[in-house]
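Shown next, in structure tokens, is the structure this report addresses.
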Amino acid sequence: MEQRVSLITLAVTDLARSRAFYEALGWRGQEVEETVFFQAGGLAVVLWDREKLARDSGRPDGAGAGFGGIVLAHNTRTPAEVDSVLDAAGRAGATVTKGAAPTSYGGYAGYFADPDGHLWEVAHNPGFSLDPAGALTLPDFGASS
935 MEQRVSLITL AVTDLARSRA FYEALGWRGQ EVEETVFFQA GGLAVVLWDR EKLARDSGRP
995 DGAGAGFGGI VLAHNTRTPA EVDSVLDAAG RAGATVTKGA APTSYGGYAG YFADPDGHLW
1055 EVAHNPGFSL DPAGALTLPD FGASS
């Protein structure tokens, strides 16, 4: 298996609401067969009905209000962009779960939950460079395992 993520599919309870939320953040999607696809750099974020995704995956739906064990991340070029994205997410209907603050690694980050509770970290990490298209390049963290 190549070291790559191609699609991230988010289980949603109201496709129209979730599409409107992401479009309010400036994303542009395409709806195909009751699924919305957003090009997100070199991968795609997909919105799909929660029950259908659970059934398709062969796992029971454990919907709950708690932490689901995954956080998506959006890195920015500047700390000011973190504040801007969190503000836009709040206006679009997100719940800001943690306001932006300095991090232990010298960056700046905060979190929001989309209308279905999917958590997003919005972060400026001075050690992670973004190319003009927004693709992240990980730094050399030293000796590999």
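With the numbering used here, the residue at position 116 of the sequence shown is 1050, and numbering never jumps. Yeah, the Cβ is synthetic: ideal placement off N, Cα and C, and Gly gets one too.
Which of helix, strand or coil DSSP assigns to residue i
i	result
Pro1060	coil
Ala1067	coil
Leu1072	coil
Opening and closing residue of the beta strand (DSSP E) in which residue i lies
i	result
Leu981	Leu977 to Asp983
His1008	Val1005 to Asn1009
Arg943	Note that residue 943 is Thr in the sequence shown, not Arg. That run of the beta strand (DSSP E) goes Leu941 to Val946.
Gly1033	Thr1029 to Pro1036
Glu965	Gly963 to Val966
Residue i vs residue j beta-carbon contact at 8 Å
i	j	result
Val939	Leu977	yes
Leu1053	Thr1031	yes
Phe1046	Ala1023	yes
Leu987	Thr947	no
Leu949	Asp990	no
Pro1049	Phe955	yes
Range covered by the alpha helix (DSSP H) that runs through residue i
i	result
Leu949	Leu949 to Ala958
Leu1020	Pro1013 to Ala1026
Straight-line Cα distance separating residue j from residue i
i	j	result
Asp1021	Gly1068	20 Å
Leu1072	Asp1065	11 Å
Val1056	Asp1017	9 Å
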